[in-house]
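**Student:** Numbering (the working numbering), first residue to last: 63 to 314.
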């Protein structure tokens, strides 16, 4: 089927640009006068057509113009109202577009595409949920020892970032994180490092949530893991078992 005019398939129903149809039909009346008159035949906005303001197509400054995306059903009737040979030709073209759109093959293809999109959405939501649950599990585990270590080990003033601990050994934070991962102490969930279950309840870490303003103007929450002094000693013992000691204990 030869294409007489561009058909837009980006919405729930195929549509055609009103100005393009006006030009293709060779209508002498100005579009601004013609379209309102056509609407008097009973066409309704947001049902038969959709309006949108657009800038000039040549990119130059100037008055914006209103454009309309017409449903194929409306476009077909407008063609019939013109009572011209080109109008009849376009009407037959739109009938074929409708038949192709409503064919069992097309309906099935759209249903499959919708199902695939829903599946991708669910997978993304599931990934976010897994990350949220992992963070919440660590936070719950961290809260248990706070009852007995609140004023000693887990006092917020004593929390340190991994960058501070790694600096004690002359390491980068990334090297320290990878080392702890390789030793089965922690794993990465999204952008945050979390302790494996066997260490999560020992009071080695505490998570903090920070809010920042994004470029979109919205508040975004970010969770970071900090190490307690107990956790710092744990890392010290772990490294020392492999003869790795802080810089301050290394012989000059």
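Glycine included, each C-beta is placed from N, C-alpha and C at the ideal position.
Every value quoted in this text rests on a predicted model; they were computed, and no experiment measured them.
Name the residue from 296, 93, 302 and 198 whose alpha carbon lies nearest to the alpha carbon of residue 251.
**Tutor:** Put simply, of 296, 93, 302 and 198 the residue whose alpha carbon is nearest the alpha carbon of residue 251 is 198.
**Student:** Note down, in chain order, each residue of its chain lying with its Cβ closer than 6 Å to the Cβ of residue 115, except the 5 sequence neighbours on either side.
**Tutor:** 126 and 128
**Student:** Between residue 83 and residue 132, is the Cβ-Cβ spacing less than 8 Å?
**Tutor:** yes
**Student:** Does the distance from the CB of residue 308 to the CB of residue 241 come in under 8 Å?
**Tutor:** no
**Student:** Of all the CB atoms in chain C, is at least one closer than 8 Å to the CB of residue 171?
**Tutor:** Here there is only one protein chain, and chain C is not present.
**Student:** Under three-state DSSP, which class holds residue 296?
**Tutor:** helix
**Student:** With DSSP collapsed to three states, give me the class of residue 71.
**Tutor:** coil
**Student:** Below 8 Å between beta carbons: does that hold for residue 97 and residue 80?
**Tutor:** In contact: residue 97 and residue 80 (Cβ atoms closer than 8 Å).
**Student:** For residue 70 and residue 244, I'd like the C-alpha separation in whole angstroms.
**Tutor:** In this structure, the straight-line span from the alpha carbon of residue 70 to that of residue 244 is close to 53 Å.
**Student:** Helix or strand or just coil, what does DSSP make of residue 212?
**Tutor:** The pLDDT assigned to residue 212 is 36, lower than 50, so where the model puts this residue is not dependable; a value taken from the coordinates is nonetheless given after this. Coil.
**Student:** Based on the DSSP secondary-structure assignment, which residues constitute the bridge partners of residue 112?
**Tutor:** 131
**Student:** By the three-class DSSP mapping on this structure, what secondary structure does residue 90 have?
**Tutor:** coil
**Student:** Quick check: residue 134 and residue 169, are their CB atoms within less than 8 Å of each other?
**Tutor:** no
**Student:** Which residue or residues does DSSP assign as beta-bridge partners of residue 288?
**Tutor:** Looking at the DSSP assignment, residue 288 forms a beta bridge with 268.
**Student:** Should residue 138 be labelled buried (16 or more other beta-carbon atoms within 10 Å of its own) or exposed?
**Tutor:** Taking a 10 Å sphere around the C-beta of residue 138, we find 16 or more other C-beta atoms and assign the residue as buried.
**Student:** Please report how far the alpha carbon of residue 286 lies from the alpha carbon of residue 173, in whole angstroms.
**Tutor:** 42 Å
**Student:** Just list the beta strand (DSSP E) runs in the segment 172-259, keeping only unbroken ones of 3 residues or longer that don't cross its boundaries, in chain order.
**Tutor:** Secondary structure within the segment 172-259: the beta strand (DSSP E) runs of 3 or more consecutive residues, fully enclosed, are 248-251 and 254-257 (chain order).
**Student:** Alpha carbon to alpha carbon, how far is residue 268 from residue 278? Give it in angstroms, no decimals.
**Tutor:** Computed Cα separation, rounded: 29 Å.
**Student:** Does the Cβ of residue 140 have 16 or more other Cβ atoms within 10 Å, making it buried, or fewer, making it exposed?
**Tutor:** buried
**Student:** For the beta strand (DSSP E) that contains residue 307, what are its first and last residues?
**Tutor:** Here residue 307 belongs to no beta strand (DSSP E), and DSSP marks it neither H nor E.
**Student:** Spatial neighbours of residue 162 within its chain, please: C-beta separation below 7 Å, excluding the five flanking residues on both sides.
**Tutor:** Cβ within range, chain order: 168.
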